[in-house]
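In the numbering used here, the protein residues as written are 67 to 589.
Written out below as structure tokens is the structure these notes cover.
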Amino acid sequence: MNAPESVVPALVAATVAPAASTDRPAPACEPAAFDPGLPLLPGFQALGDGFFARVAGTPLPDPHLALVNRSLADELGLAPEALAHPSMTAILAGNTPWPGADSIATVYSGHQFGAWAGRLGDGRALLLAQVRAPDGGAWEIQLKGAGKTPFSRMGDGRAVLRSSIREYLCSEAMHGLGIPTTRALALVTSDAPVLRETLETAAVVTRVAPTFVRFGHFEHFYWNRQHDALRRLADHVIDTGYPALRAEPNPYWSLLQAVSERTGALIAQWQSVGFCHGVMNTDNMSILGLTIDYGPFGFLDGFDPSHVCNHSDDQGRYAYSMQPGIGEWNCYCLGQALLPLIGEPADAERALAAYRPAFEARYRELMRAKLGLCSAAEGDAALADQLLAILEAGGVDFTAFFRALGQLRRADASGDAAARDLFIDRAAFDAWAVRYRERLAVEAIEDPIRQAAMNRVNPKFVLRNHLAEIAIRGARDASPPDFTEMHRLLEVLQHPFDEHPDHQTLAALPPDWAGSLSVSCSS
Ligand code: AMP
Ligand code: MG
């Protein structure tokens, strides 16, 4: 699971020709009587012209506030009465602005599937406001699917209900797994038609994060030779997201190092739960090391390192096993973009060198925890890798296996069945279990203690594709949409390490029909 040696691009000292900047005159922001009651912060908007376009949402007909994330709303300091107010639905639909703030679409560029794609930007995302939560934390509030922006290119600025449900579910599932992510605050639905492969309906997800700044924001100003803007963006990110780096001799060098570390650690966490992002373009990489932009993601069912969750990814560039190397490749793109602030390519490479050890250390630590090992010993990496090899050979379910492994007993094979029966080739499991027991004997931790620890790191529930599909069908095929299944799923995904005895079916192996599901960039 090391990052492949040869995949990273070489840093070069030169830049390429810019694309033109395109901010459009902004619609005025109308004052509203309703007040959500959250202190506003200057946030990204303080960066001023050149970083975004002021743009109002395109009204969504007859919006319905279908879901709100109450615990997240509490964290933000958003009172239940404010959430329930009809004006709030209008705001979260993109129909009226956040009181006191102009909504903006930010400009960024990026590398898509390994090639420079030029200017992209928020084509269907609107940053409503940045607010201060009661605990002092700053949060950007963003709508996804609120209509066209100057960066929409050929797109309609909308998101369909299907993909909005997937984003909502998965961001909350990742949070439940303890993996850094943007969050979902609300889902607004409408009957408004949206054309994809078939006719679907529109929805708007409200998502929040300390910042939605991506690697691609930096690439944009670098490749357009706007080094002053590049520096201001870096200063903004350091001041708001990495304040401790201000004291460093070169805060920009330290920023690159910190982002490399966080990204490596993030992808180690993805690997440890079998999460495949699906579109790891540099415009989908968070500068804070958050999982961002849920599209054609997927969780592994049977362990298959070559699994490609995105139907549009013909080359398998973003296959599960490629993610660690791609994460590093993306950090190199960020390093290239930060060069004017850092100096020589060799300096940037020293910062980027933080990626691999951060990935490796976190990955190995997580694999040890998944195996219920408390201490590090020589041979642990080999033990984990041998296990992955037999899981791959047998196509054994990744999540179910690790959860079942906790039942194994150190002294005898009486607890092996749950894990062993997932193999057709039981001898392969037995041979590995001999080595595993030898290793457990060294630690001599009581079985119940080890099992409890394993159950805190090996989730019983992940957002398998077919589960998302059931929630989508439940909502989409009823009129009005029925979110019962989605609520049930959220309940377990927000606490995926608990047993939830009433929801066993959500931990079951995928049904046969799951094999025919495919997800693509179309959303
Ligand atoms: P993604 O593949 O979702 O990361 O999107 C890549 C770029 O395409 C971003 O600039 C998005 O804002 C833009 N985009 C994707 N879908 C749409 C859409 N339906 N309308 C407008 N822009 C879109
Ligand atoms: Mg994106």
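The C-beta atom is built at its ideal place from N, Cα and C for all residues, glycine as well.
Contact belief for residue i with residue j at Cβ below 8 Å, rounded distance in angstroms
{"i": "L356", "j": "P246", "result": "5 Å"}
{"i": "G361", "j": "S589", "result": "6 Å"}
{"i": "V134", "j": "L149", "result": "5 Å"}
{"i": "T272", "j": "A252", "result": "4 Å"}
{"i": "A450", "j": "M433", "result": "4 Å"}
{"i": "F179", "j": "R383", "result": "6 Å"}
{"i": "G109", "j": "Q196", "result": "3 Å"}
{"i": "S230", "j": "R280", "result": "Going by Cβ atoms, the distance from S230 to R280 rounds to 20 Å, so no, they are not a contact pair."}
{"i": "R198", "j": "L107", "result": "6 Å"}
{"i": "D446", "j": "R430", "result": "7 Å"}
Residue i, DSSP secondary structure in three states
{"i": "R120", "result": "strand"}
{"i": "D451", "result": "helix"}
{"i": "H130", "result": "strand"}
{"i": "S218", "result": "coil"}
{"i": "A385", "result": "coil"}
{"i": "R224", "result": "coil"}
{"i": "S352", "result": "strand"}
{"i": "D463", "result": "strand"}
{"i": "T306", "result": "helix"}
{"i": "A313", "result": "helix"}
{"i": "F100", "result": "coil"}
{"i": "P254", "result": "It is Val, not Pro, that sits at residue 254 in the sequence shown. Of the three classes helix, strand and coil, the one that applies to V254 here is strand, per DSSP."}
{"i": "L107", "result": "strand"}
{"i": "R280", "result": "strand"}
{"i": "F489", "result": "coil"}
{"i": "K436", "result": "helix"}
{"i": "T550", "result": "helix"}
{"i": "L572", "result": "helix"}
{"i": "S545", "result": "coil"}
{"i": "H566", "result": "coil"}
{"i": "T155", "result": "helix"}
{"i": "R476", "result": "coil"}
{"i": "S87", "result": "For S87, the pLDDT reaches just 40, beneath the cut-off of 50, and the residue's location in the model is therefore unreliable, although a value from the coordinates is still provided. Of the three classes helix, strand and coil, the one that applies to S87 here is coil, per DSSP."}
{"i": "N68", "result": "With a pLDDT of 43 at N68, under the threshold of 50, the modelled position of this residue cannot be trusted; read the value that follows with caution. It is coil, neither helix nor strand."}
{"i": "Q517", "result": "helix"}
{"i": "R59", "result": "In the structure as shown, the chain begins at 67 and stops at 589. Residue 59 is therefore absent and cannot be evaluated."}
{"i": "I511", "result": "coil"}
Close-in-space but distant-in-sequence residues of the same chain around residue i (CB under 8 Å, 5 per side omitted)
{"i": "H151", "result": "F100"}
{"i": "Q452", "result": "W498, R501"}
{"i": "A443", "result": "R505, V508"}
{"i": "G223", "result": "T124, G189, R190, G211, A212, G213, K214, T215"}
Beta-bridge pairing of residue i - partner residues as DSSP gives them
{"i": "H343", "result": "Partner(s): none; H343 has no beta bridge."}
{"i": "E206", "result": "Q196, A275"}
{"i": "E266", "result": "V260"}
{"i": "W182", "result": "H177"}
{"i": "E376", "result": "A small fix is needed here, since residue 376 is Asn in this sequence, not Glu. DSSP output for N376 lists V585 as bridge partner(s)."}
{"i": "I170", "result": "R120, L193"}
{"i": "L77", "result": "Its beta-bridge partners do not exist; DSSP assigns none."}
{"i": "R249", "result": "V274"}
{"i": "F365", "result": "F341"}
{"i": "T357", "result": "T247"}
Beta-carbon proximity list for residue i, same chain, < 7 Å, skipping 5 on both sides
{"i": "I511", "result": "C440"}
{"i": "H241", "result": "T247, R249"}
{"i": "R297", "result": "L407"}
{"i": "Q570", "result": "none"}
{"i": "I456", "result": "A494, F495, W498"}
{"i": "I304", "result": "L311, R312, P317, L321"}
{"i": "A573", "result": "K526, F527"}
{"i": "L555", "result": "L235, L533, A537, L572"}
{"i": "L77", "result": "Y398, G401, Q402, L405, P411, A414, E415"}
{"i": "I333", "result": "Q389, P390, G393, F425"}
{"i": "V8", "result": "Residue 8 lies beyond the range of the chain shown here (67 to 589); nothing can be said about it."}
{"i": "D578", "result": "none"}
Neighbourhood of residue i by C-beta, 6 Å cutoff - its chain only, sequence neighbours within 5 removed
{"i": "R469", "result": "N524, K526"}
{"i": "G282", "result": "Y174, S175, G176, T348, D349"}
{"i": "A420", "result": "Q323, S326, E327"}
{"i": "R90", "result": "Reliability fails at R90, whose pLDDT of 47 lies under 50, so the model's placement of it is uncertain and the value that follows must be treated cautiously. So the list reads A119, P216, once near-sequence residues are dropped."}
{"i": "G540", "result": "D548, E551"}
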